[in-house]
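Engineer: What follows is a structure written as structure tokens; I'll ask about it next.
Residue numbers (full-length UniProt numbering): 1 to 198.
This is the structure we're talking about:
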């Protein structure tokens, strides 16, 4: 699979073998993947650091990754992302997100606008899995020790089977870190990244 690095710091380079070895991606402040209507702020951001590959939607079966970081800034996030490469809409992202001093397992589905759900997590790492189940996309989370936890079912993910989809990993930092010059940066470690197709 050929992966492309989208957005990211100016000096960022794509890891050579993301499916076979751990790698780190970096995000700078004021980056996000988020969309709201005018009544909720009217934002349309798609500038987080993304490493993704494009494939036929009907071939997708499963993706998984483990992410970990030293989470400090509000809304700092990382995980998997699944999106239309031609328009960046719709999209689904899931992973870990830092909010109000705590980590949460997070899922956001946007079609067209962002719907966000959180699950208290209490750990600095999460394993996130996307799986095609009976024509829907299921999102699961897993702690370092434990079984996978079902977090969300998105029924529209495979609606247009003839389309292509981009699948990959994401890191974003909507707000800078307090007390750090220029807001700092977010470095996230990714490991056990897999994508399965049929």
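All C-beta atoms, glycine included, are put in the ideal place defined by N, C-alpha and C.
Does the structure place the segment 38 to 47 close enough to the segment 180 to 193 that three or more beta carbon pairs sit under 8 Å?
Structural biologist: Because the criterion of three Cβ pairs below 8 Å is not met, the segment 180 to 193 and the segment 38 to 47 do not touch.
Engineer: Are residue 120 and residue 104 close, meaning C-beta to C-beta below 8 Å?
Structural biologist: Their beta carbons are under 8 Å apart, which means residue 120 touches residue 104 by this criterion.
Engineer: With contact counted as at least three CB pairs below 8 Å, one residue from each stretch, are the segment 25 to 38 and the segment 2 to 11 in contact?
Structural biologist: As far as the Cβ criterion goes, the segment 25 to 38 touches the segment 2 to 11, which means the pair count is three or higher.
Engineer: Quick one: residues in its chain with C-beta nearer than 8 Å to the C-beta of residue 89, no 5 flanking neighbours on either side, listed in chain order?
Structural biologist: Answer for residue 89: 35, 83, 110, 111, 112, listed in chain order.
Engineer: Decide yes or no for the touch test of the segment 128 to 139 against the segment 10 to 24: beta carbon pairs closer than 8 Å, at least 3 of them.
Structural biologist: Judged by Cβ distances under 8 Å, the segment 128 to 139 makes no contact with the segment 10 to 24, as fewer than three pairs qualify.
Engineer: Taking the alpha-carbon positions, what's the residue 161 to residue 71 distance?
Structural biologist: So the alpha carbons of these two residues sit roughly 37 Å apart.
Engineer: Using 8 Å as the limit for Cβ to Cβ distance, is residue 138 near chain B?
Structural biologist: Judged by its chain identifiers, the structure shown contains no chain B, having just a single protein chain.
Engineer: With DSSP collapsed to three states, give me the class of residue 5.
Structural biologist: Three-state result, residue 5: strand.
Engineer: By the three-class DSSP mapping on this structure, what secondary structure does residue 40 have?
Structural biologist: Helix at residue 40.
Engineer: Using 10 angstroms around the beta-carbon of residue 174, count the other beta-carbons present and answer buried if the total reaches 16, otherwise exposed.
Structural biologist: Per the 10 Å Cβ criterion, buried.
Engineer: Cβ atoms of residue 180 and residue 81: under 8 Å apart, would you say?
Structural biologist: No.
Engineer: Determine the burial state of residue 178: buried for a count of at least 16 other Cβ atoms within 10 Å of its Cβ, exposed for fewer.
Structural biologist: Exposed.
Engineer: Mind checking who residue 35 pairs with in its DSSP beta bridge?
Structural biologist: Bridge partners of residue 35: 44.
Engineer: Provide the residue(s) that pair with residue 110 in DSSP beta bridges, ordered along the chain.
Structural biologist: BP columns for residue 110 point to 91, 114.
Engineer: Considering only their Cβ atoms, is the gap separating residue 108 from residue 115 smaller than 8 Å?
Structural biologist: Yes, they are a contact pair.
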